[in-house]
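The structure under discussion appears below in the form of structure tokens.
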Amino acid sequence: ATVIINLLSAIPYIGTSLVEWIWGGFSVDKATLTRFFAFHFILPFIVAALAGVHLLFLHETGSNNPSGLNSDTDKIPFHPYYT
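With my numbering applied, the sequence shown covers 4 to 86.
Now the structure itself:
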């Protein structure tokens, strides 16, 4: 984690301040580990919520059909024939 966060120090003007802010000090300490633990705990919930919102919007607006072709002509309904 130290190496990856130190890559942020290459950002001009704000890099070192950004690294110190993420670390919570001048080195990896208890505050850093607490922040990263909280981040790793909350991240899956954020990803699941964003995936749910994405599916909701996809359900509301429908899929994109750029060619404008009718794709329902050769389809057979699933329910009466396969169940």
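Don't be surprised by glycine CBs; every beta carbon is placed ideally from N, CA and C.
- A direct Cα-Cα distance of roughly 34 Å separates L11 from F60.
- The straight-line gap separating the alpha-carbon atoms of T35 and F42 is approximately 10 Å.
- In the displayed model, Y85 falls within a helix according to three-state DSSP.
- Distance check between V31 and each of V6, N67 and P47 places V6 closest, using alpha-carbon atoms only.
- The continuous alpha helix (DSSP H) containing F60 extends over residues K33 to T64.
- In this structure, the straight-line span from the alpha carbon of S70 to that of W24 is close to 49 Å.
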